[in-house]
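2 protein chains.
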Amino acid sequence: MGTSVKDVAALAGVSASTVSNYFNRPELVGSANRKRVADAIAELGYVPNESARQLRAGSSKTLALILLDAWLPFFSDLSRGVEDAVRDHGWSLFFSNSNRDPARELSNLDMFEAHRVQGLVIVPQGLIKERLEKLQNRGIECVVVGPTQDSNQISAVTFDDVGGGRLAGEHLLEIGRRRLAFLGNPHNVVQSADRLAGMTQAVEASGTDTTVMTITVKNLTVEDGIEAAEQILSMPEAERPDAIFAANDMVAVGALNVFLRAGISIPEDIAVVGYDDVQYARQAAVPLTTVRQPAYEMGRAAGQQLLEQIERPGNREVQNRLFGAHLVVRDSTIGHVPARTESDQTSHAASRTFEENPALPA
Amino acid sequence: MGTSVKDVAALAGVSASTVSNYFNRPELVGSANRKRVADAIAELGYVPNESARQLRAGSSKTLALILLDAWLPFFSDLSRGVEDAVRDHGWSLFFSNSNRDPARELSNLDMFEAHRVQGLVIVPQGLIKERLEKLQNRGIECVVVGPTQDSNQISAVTFDDVGGGRLAGEHLLEIGRRRLAFLGNPHNVVQSADRLAGMTQAVEASGTDTTVMTITVKNLTVEDGIEAAEQILSMPEAERPDAIFAANDMVAVGALNVFLRAGISIPEDIAVVGYDDVQYARQAAVPLTTVRQPAYEMGRAAGQQLLEQIERPGNREVQNRLFGAHLVVRDSTIGHVPARTESDQTSHAASRTFEENPALPA
DNA sequence: TGACGTAGTTGCAACGTTACATAAAGAGTA
DNA sequence: TACTCTTTATGTAACGTTGCAACTACGTCA
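Here the protein sequences line up with chains A and B, keeping their order.
Position one of the first sequence corresponds to residue 13 (the working numbering), numbered consecutively onward.
Position one of the second sequence corresponds to residue 13 (the working numbering), numbered consecutively onward.
Have a look at this one:
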């Protein structure tokens, strides 16, 4: 059954300590024994028991990532970022998703605490500030991606959602739209509320006579976008919005497809703006204007922040890394892209880019 | 730092054994002590050290899932199926993805072996038959999803890809198409080869004068579908196919969007058939006819199979569960759905369903 | 020659948990 | 009273690993 260090030692004709040294301080092992141990390991197919090592060492190079909805493209990109950031430094990463279920989120936290991971990145669902602070006090470092949970003890990677909403609003106003609709769940999700607030700010600042209606969707899936679009189509034509701003690209794509099938011209009749700039935005039937949220980079930043915290214990310096919003203009708001601007590309300022022929791969 | 069973025991005024019994054989603990222990646990926020338990017990209720491409919708559905199957029985599940990189696949296997998981479900990339058989001999049960790796030692959950390809081919022939194109990577991936083989069989059986061309795509992403479609558009009009069969829905959706933007009518000019029937197929700009592969159910089946193997050790009965193909007809091949048929719904026969107004949510 | 240094090797204890054997305290019975 | 039986509690050893102190062997140098 379990081949252990002793079996390897016996076969190689050395002591268990030497086998351990072979792994942990190879410079202490003479070349003859080094070879013998290597051969024995290969012959037995020995793989060290991580539990025992962890028990002895008190810790292991293991981190965890808890996502809201692993199957949304945004989170896939995010997780790749985290993974890449920590893999380079030799850490193992365990995934899990809370499936937007607060109970599951807590049980995943328990599981990872039982496994004594050294740190975790979490995209939180519930209000778990206390739980996370307790974890940190027990030596499990945490980094939150998303709203900061009002803790001054936990590092976070956040995005300027108000700025993103404002960019979207300004853009729609600029192309002459005056009946705006927001598709999201601003009552339950802080991010949605911020995006809506940003758009509303833009409207107020414009001094124009512009209305903003809100259509509540549940989960930010394509399905929800379809439902919302049908709700819009069922309105008398005079009351329909001339532009929608969706809380993410999935909702936007769903709505877009319904509009197209109903014979509505995009963007002439209804302009559509999404959020996130996931792959599907660029690849939609009408390429989507959207607020770019750099999921991969945010994941990388979270992973790096986590490693920094782990590697300097005692240093309780809380970082709060803010990513800036950036608008990517495509055909769903400006049918024929008019001109190109060299825009501000720094990630900390709200900015804008035009993409021509965006359906083509780069 | 680490609160242990001893701290709890000290606070509760009992021995460490009693605390252990509290968790593992509560019927042995008297009600007075039971309460005292419970209080102490709550006060200290004690969470048992899984590594130590695992070291002592020799195993833990932990399983692993290794995916090819966690961010493809098909795999998301699959993983939810596995997760649901094992969660009900109290098992923890660790995810990881190999990102279609054979080296990463192997390193993930090492990691899970080091953590002494009791079993794993894997969607394999490389030819890792030997590695998996070795794992089984060391007591880590394996279930493969996908081609059986020609092992008579490892259980598998497979799908009738030849049958799926045949269904697609028959359907396209039936609606009068005679210039078929297959979009996939049949040279590298067994599944793609089988799907193409199935379509070719259908063509040969039909006795019609029908051509089948193959356009090779790399990774089965939307991006690859876009590239392939552009390749088709660059062909002289007379040489273009009048139908395409894509190796998965992502490729089909990418191609579909390019065609639409180029002013090509779907399905009049080019009929499109996808594979998998993921969410996006139904939600595409033109809802997609596709071969349904029940990802969620296949994941569940794999999870259940794994649990069965673990729970009856010694029983080396290898199961090979085959899922049957099923065609879902939507607008991308028949613009106006003509009729409804009550078709064979069993999962083990190739069959067909018509969906009317498929863009609407159920 | 003896003291010292260095490279290589090893025995031992400990990490936190749990299964098992054993003990203690009543409770019931003859 | 002496015994058995039951219920509840505890001491001990072991799981596989590794850091440390201790030890050996072999040079080197005064």
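Built from N, CA and C at the ideal position, the CB exists for glycine as well.
Residues of chain A whose Cβ lies closer than 7 Å to the Cβ of residue 66 (chain B) are, in chain order, 63.
C-alpha of residue 196 (chain A) to C-alpha of residue 32 (chain B): approximately 49 Å in a straight line. Per DSSP, the beta bridge partners of residue 196 (chain A) are A:228. The closest CA to that of residue 108 (chain A), considering only B:82, B:174 and B:280, is found on B:82. A distance below 8 Å between beta-carbons, with the five flanking residues on each side excluded, links residue 61 (chain A) to the following residues of its chain, in chain order: 14 and 16. With the criterion set as a beta carbon lying under 7 Å from some beta carbon of chain B, the members of the segment 106-140 of chain A are 106, 107, 108, 122, 123, 125, 126, 127 and 128, in sequence order. Going by C-alpha positions, residue 313 (chain A) is about 26 Å away from residue 126 (chain A). The beta carbon of residue 104 (chain A) sits closer than 9 Å to some beta carbon of chain B. Collapsing the DSSP output to three states places residue 34 (chain B) in a helix. Relative to the Cα of residue 131 (chain A), the nearest Cα in the group A:116, A:232, A:310 and A:104 belongs to A:104. By the beta-carbon neighbour count (other beta carbons within 10 angstroms, threshold 16), residue 284 (chain A) is buried.
DSSP, read as helix, strand or coil, puts residue 101 (chain A) in coil. Residue contact check for residue 279 (chain A) against chain B: no CB pair falls below 9 Å.
The beta carbon of residue 85 (chain A) sits closer than 9 Å to some beta carbon of chain B. Bridge partners of residue 157 (chain A) according to DSSP: A:169. For residue 131 (chain B), the uninterrupted beta strand (DSSP E) run begins and ends at 131-134, by DSSP. Per the DSSP secondary-structure output, residue 177 (chain B) pairs with nothing in a beta bridge.
Every alpha helix (DSSP H) stretch that sits fully inside the segment 207-270 of chain B and reaches 4 residues is listed by chain position as 234-245. For residue 43 (chain A), no Cβ of chain B is located within less than 9 Å of the residue's own Cβ. For residue 267 (chain A), no chain B residue has a Cβ inside 9 Å of its Cβ, as the nearest lies near 11 Å away. If you draw a straight line from the Cα of residue 304 (chain A) to the Cα of residue 68 (chain B), it comes to about 50 Å. With contacts defined by Cβ atoms closer than 9 Å, residue 156 (chain A) and residue 169 (chain A) form a contacting pair. Listed in chain order, the non-local C-beta contacts of residue 190 (chain A) below 6 Å within the same chain comprise 222, local neighbours out to five positions each way being set aside. In this structure, residue 80 (chain A) sits near residue 110 (chain A), with a CB-CB distance shorter than 9 Å. Where residue 313 (chain A) is concerned, the enclosing alpha helix (DSSP H) starts and stops at 307-323. For residue 86 (chain A), DSSP assigns no beta-bridge partner whatsoever.
The beta-bridge partner set that DSSP reports for residue 108 (chain A) consists of A:78. Using a Cβ-Cβ distance cut-off of 8 Å, the segment 142-154 of chain A and the segment 88-95 of chain B are not in contact, since fewer than three pairs of beta carbons, one from each stretch, lie closer than that value. Listed along chain B are 291, 292 and 295, each with a C-beta nearer than 8 Å to that of residue 234 (chain A). C-alpha of residue 255 (chain B) to C-alpha of residue 324 (chain B): approximately 49 Å in a straight line.
Residues of chain A whose Cβ lies closer than 9 Å to the Cβ of residue 82 (chain B) are, in chain order, 82, 83, 88, 91, 92 and 107.
Burial state of residue 183 (chain A) is buried, judged by a 10 Å Cβ sphere holding 16 or more other Cβ atoms. In this structure, residue 78 (chain A) lies near residue 124 (chain A), with their beta-carbon atoms less than 9 Å apart. Taking C-beta separations shorter than 7 Å and ignoring five residues to either side along the sequence, the partners of residue 160 (chain B) in its chain run 168, 170 and 332, following chain order.
Only exposed fits residue 29 (chain A), as fewer than 16 other CB atoms lie within 10 angstroms of its CB.
Taking the C-beta atoms as reference points, residue 188 (chain A) is found no nearer than 9 Å to residue 210 (chain A).
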